[in-house]
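Residue numbers (this note's numbering): -12 to 80. Where is the CB? At the ideal position from N, CA and C, for every residue including glycine. First up is the structure itself, then whatever we jot down about it.
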């Protein structure tokens, strides 16, 4: 995965995410939206044949994007690890 900050304004940030698709970004977006200070979060795939997406986050106030993104990514990682553990157990049966 490659991550680049495209734009940052008062309470908005736009990140370019390469190497991930809808599955990961949809899960991450879900956790970002659950954060208290988040007003809007979404992503768009620039083009179906391109390997990059744009992630948009708007906060209600402030610029604490780092906290929001770190909390959301930790929750996303935890859920993916739980899935992998359960998947491996199911396959091993």
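Contacting residues, own chain, Cβ-Cβ under 7 angstroms from residue i (five flanking each side not counted)
i, result
"residue 12", "4, 30, 40 and 42"
"residue 16", "28, 29 and 30"
For residue i, three-class secondary structure by DSSP
i, result
"residue 13", "helix"
"residue 82", "This structure gives no information on residue 82, because the portion of the chain shown stretches from -12 to 80."
"residue 24", "coil"
"residue 32", "strand"
Bounding residues of the beta strand (DSSP E) (the contiguous stretch that carries residue i)
i, result
"residue 41", "39 to 46"
Residues bridged to residue i [DSSP beta-bridge criterion]
i, result
"residue -4", "Residue -4 pairs with nothing; no bridge assigned."
"residue -9", "3"
Residues near residue i in its chain [Cβ-Cβ closer than 6 angstroms; skip 5 each side]
i, result
"residue 62", "18"
"residue -1", "45"
"residue 32", "40"
"residue -7", "1 and 3"
"residue -12", "6 and 7"
Whole-number beta carbon distance between residue j and residue i, since they are thought to touch under 8 angstroms
i, j, result
"residue 24", "residue 55", "7 angstroms"
"residue 58", "residue 22", "6 angstroms"
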